[in-house]
Every structure is written in C-alpha cells, then in structure tokens.
Amino acid sequence: MSLTAYDLTGRSAFVTGAAGGIGRACAALLATAGATVHCADLDEEGLLETRRLITEAGGASHVHLLDVTDRSRVGAAVSEAGDLDILAAVAGIMHTSSVLETSDEDLDRVLAVNFKGVLYTCQEVARSMIARGAPGSLITMASGAVDSAGPGLLCYSAAKAAVVQLTKTLATELGPHAIRVNAVAPGWIRTPMTARHDADRQQRVEATMARISPLGRVGEPEDVAHTVLHLASDASAFMTGQILRPNGGVAMPW
Ligand code: NAI
Numbered sequence: 115m116s117l118t119a120y121d122l123t124g125r126s127a128f129v130t131g132a133a134g135g136i137g138r139a140c141a142a143l144l145a146t147a148g149a150t151v152h153c154a155d156l157d158e159e160g161l162l163e164t165r166r167l168i169t170e171a172g173g174a175s176h177v178h179l180l181d182v183t184d185r186s187r188v189g190a191a192v193s194e195a196g197d198l199d200i201l202a203a204v205a206g207i208m209h210t211s212s213v214l215e216t217s218d219e220d221l222d223r224v225l226a227v228n229f230k231g232v233l234y235t236c237q238e239v240a241r242s243m244i245a246r247g248a249p250g251s252l253i254t255m256a257s258g259a260v261d262s263a264g265p266g267l268l269c270y271s272a273a274k275a276a277v278v279q280l281t282k283t284l285a286t287e288l289g290p291h292a293i294r295v296n297a298v299a300p301g302w303i304r305t306p307m308t309a310r311h312d313a314d315r316q317q318r319v320e321a322t323m324a325r326i327s328p329l330g331r332v333g334e335p336e337d338v339a340h341t342v343l344h345l346a347s348d349a350s351a352f353m354t355g356q357i358l359r360p361n362g363g364v365a366m367p368w
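Numbering (this note's numbering), first residue to last: 115 to 368.
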C-alpha cells in the first residue's frame, strides 16, 4: 500500500453543502486530491466562491444550485454530473427548541434537510453508480450529537441519528455492488453554523470547547475534510458501515 491510495485523479465527486463551512473544505480537499468536484448548495454566492477557490488551486469543479429537499432537482443535478465515484452529503441546518416547544414545522424542516436531503442524494447517486456498474464511496454527515442528548437538540440529533441508521442500512444493501457507505460524526467545528454568537460569547464558547478537548483546540473544517478524504479514497477500501469521529477526543459536553 502506498500513499497513492489517496490519489483521486480521474474520479468524480458530488458534494452537498459545498457553499461554505465543512462542505467547502471537503470540496476543496477532494479537488486537491485530483477529483473533479460537483459542488451543490442553495447558496449561489457561496458556491461561486468555492469554485473560485478550487480553480485558483488548480482543481476542477462544477456548481449545481439546488435544495437537497427537492428530490427531482437532486436527481437532475446527479444526472447532469454524469459518472460519479464519490458522494459527500454534507448539507445540513442547525435547529434548537425544547421538546415542549417543538412545532410540526420545526420537526418537518430539520428532518427534511438533515435526513431526507441525505437520503435523496444517497439514493440518486447510488442508483447511478449501480447502473454504471462502478464501485463507489458514499459519505454522510452525522454529528457528535448522535452520541449524547442535550437541551434543545431533539430535532437535530434525531435527524442525525436517522442519518446513522441510513448509513448502516445502506452499507449492508450496497456492499454487494462494491459501494461503501460511511458516516462522519464531527465534534464542535468552527464554521458559519457554530458562529452564532457575538464575538465575546463566541470566544467563551470556543474556549470551553477547546478546554474539554485533550487536544486543547476546537475543530476546523479541514479536520473533517481529511476524514472525508480518507473515506472517499481507496485508503479506506475495507471500511463500510462505520462512523468516524473527528472530535478532538471529546464527545459533546452535555
Ligand atoms: P454551515 O451552515 O457552515 O454549512 C452548511 C451548508 O449547507 C451551507 O452552505 C448551506 O447553504 C447548505 N444548506 C443548508 N440547507 C440546504 C439545503 N436545503 N439544500 C442545499 N444546501 C443546503 O454548516 P457546517 O458547520 O459546515 O455543517 C456541515 C454539516 O456538518 C452539517 O450537516 C452539520 O449538521 C454537520 N456538523 C457540523 C458540526 C459543526 O460543529 N460545525 C458538528 C457536527 C456536524
């Protein structure tokens, strides 16, 4: 085995949530590893910036403006993308509300984006891989929230727990097609999703998260992207149905 296992030259990847945060870092790293990356998101400006960064670094990419909750649009984009070898289903939203205050609308929206959106992209990409008879790697984005419970996080953690079950189930169904399916469950990562407070409070939150990590720091999008690269590449050829946890050695502290 050599480091060429990480070389994705000639491969094609579809990345949702690619307009920012973890998704952008994944798209950029997969492109650096040699893949042609199809960047999908509903944020057009962010997508164009991701494409600019990839081009500037000498990589190849395409953009697809879509909402992952729109099954037909996801199907159309996957078919426009053509032969795909890798999916990183990263798009997601945060939501907090206590159980007693959670409305049908809250639940429906979070499940739609964080679970159904992942399901739709996995279904569409897997169908196209099977039709082509090619091996592939599907990577889903769960969360450290699946390992714990915290106030306000019911909708988010339930949707992410469903993503884990989707991942494990799909791994059993797609293994015979040589398609691997794994999840990534990051800890606290510094992205627009976690930058929700004013500067002072943000600094305090980050300091707390860093203090409880044996590594003494919070995560960066690139930490997650390297885990995704591992799962996308032949370096993880014998891994399927797994959950990898780039979390600095700490579960969520609630
Ligand atoms: P982010 O908010 O920075 O990026 C999320 C991206 O998803 C955005 O570009 C957004 O436009 C896109 N998106 C949202 N809804 C969409 C939809 N319906 N259709 C298409 N695109 C949509 O968030 P971040 O932090 O980069 O999170 C990425 C993933 O990682 C999410 O699934 C999140 O739940 C997960 N995660 C993040 C952690 C963190 O600490 N930042 C920890 C654990 C998991």
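Where a beta carbon is used, it is the ideal one built from N, C-alpha and C, also for glycine. Please read all numbers here as calculations on a predicted model, not as lab measurements.
ask   = Are Leu162 and Asp155 close, meaning C-beta to C-beta below 8 Å?
value = no
ask   = To the nearest whole angstrom, what separates the beta carbons of Val129 and Val192, a pair I think is in contact under 8 Å?
value = Not confirmed; about 12 Å, so no contact.
key: Secondary structure of Trp368, DSSP reduced to three states   = Confidence at Trp368 is low in this model, with a pLDDT of 49, below 50, so its placement is unreliable and no value can be given for it.
task = Grab me the residues of Pro306's own chain with a C-beta within less than 6 Å of its C-beta, minus the 5 sequence neighbours each way, in chain order.
result = Cβ-Cβ distances below 6 Å link Pro306 to Gly134, Gly135 in the same chain, with the five nearest sequence neighbours on each side left out; the list follows chain order.
ask   = Where does Asn378 sit, in a helix, a strand or coil, going by DSSP?
value = Any property of residue 378 remains undetermined from this structure, which presents the chain solely from 115 to 368.
request  = Have a look at the DSSP bridge pairing and note the partners of Leu252.
outcome  = Leu201, Val295
query = Terminal residues of the continuous beta strand (DSSP E) containing Ala154?
reply = 150-155
key: Buried or exposed (CB count within 10 angstroms, at least 16 for buried), Trp368   = Its pLDDT being 49, under 50, Trp368 is placed unreliably by the model, and the measurement read from it follows with that caveat. So Trp368 ends up on the exposed side.
query = Thinking C-alpha only, which one of Ser186, Ile326, Thr308 is nearest Gly362?
reply = Ile326
query = Alpha carbon to alpha carbon, how far is Ala149 from Ala190?
reply = 21 Å
inquiry  = Following a CB-centred definition, is Ile168 positioned closer than 7 Å to any heavy atom of the ligand NAI?
reply    = no
query = Among the residues of its own chain, which have a CB less than 6 Å from the CB of Ala195, if the five just before and after it don't count?
reply = Phe128, His152
message = Considering Cα atoms alone, identify which of Ala276, His311, Ala256 is closest to Pro360.
response = Ala256
Residue burial classification, Asp337 (beta-carbon count within 10 angstroms, cutoff 16) = Under this definition Asp337 is a buried residue.
key: Straight-line gap, Asn296 to Tyr270 (C-alpha atoms, nearest Å)   = 19 Å
key: Cβ-Cβ separation, Thr164 to Ala132 (assumed contact under 8 Å), whole Å   = 5 Å
Entirely enclosed alpha helix (DSSP H) segments - the region 119-196, minimum 4 residues = 135-146, 158-170, 185-195
query = What's the gap between the Cα of Thr286 and the Cα of Ala339?
reply = 25 Å
Cross-strand partners of Gly333 (DSSP beta bridge) = Ile303
query = Taking 7 Å as the line, does the beta carbon of Gly124 fall inside it for any heavy atom of the ligand NAI?
reply = False, no ligand heavy atom lies under 7 Å from that Cβ.
task = Starting from the C-beta of Ser212, find all residues in its chain whose C-beta is less than 7 Å away, skip the five residues before and the five after it, and write them out in chain order.
result = Annotation for Ser212: Pro265, Gly266 place their beta carbon closer than 7 Å to its own, counting only its chain and skipping 5 residues before and after.
ask   = According to the neighbour-count rule (16 or more other Cβ atoms, all chains shown, within 10 Å of its Cβ), is Thr123 buried or exposed?
value = So Thr123 counts as exposed.
message = One question on the structure: do Val232 and Val277 come within less than 8 Å of each other, judged by their Cβ atoms?
response = The Cβ-Cβ distance between Val232 and Val277 falls below 8 Å.
inquiry  = Quick check on DSSP: helix, strand or coil for Gln356?
reply    = coil
message = Buried or exposed, going by whether 16 or more other CB atoms sit within 10 Å of the CB of Glu215?
response = Glu215 should be labelled exposed.
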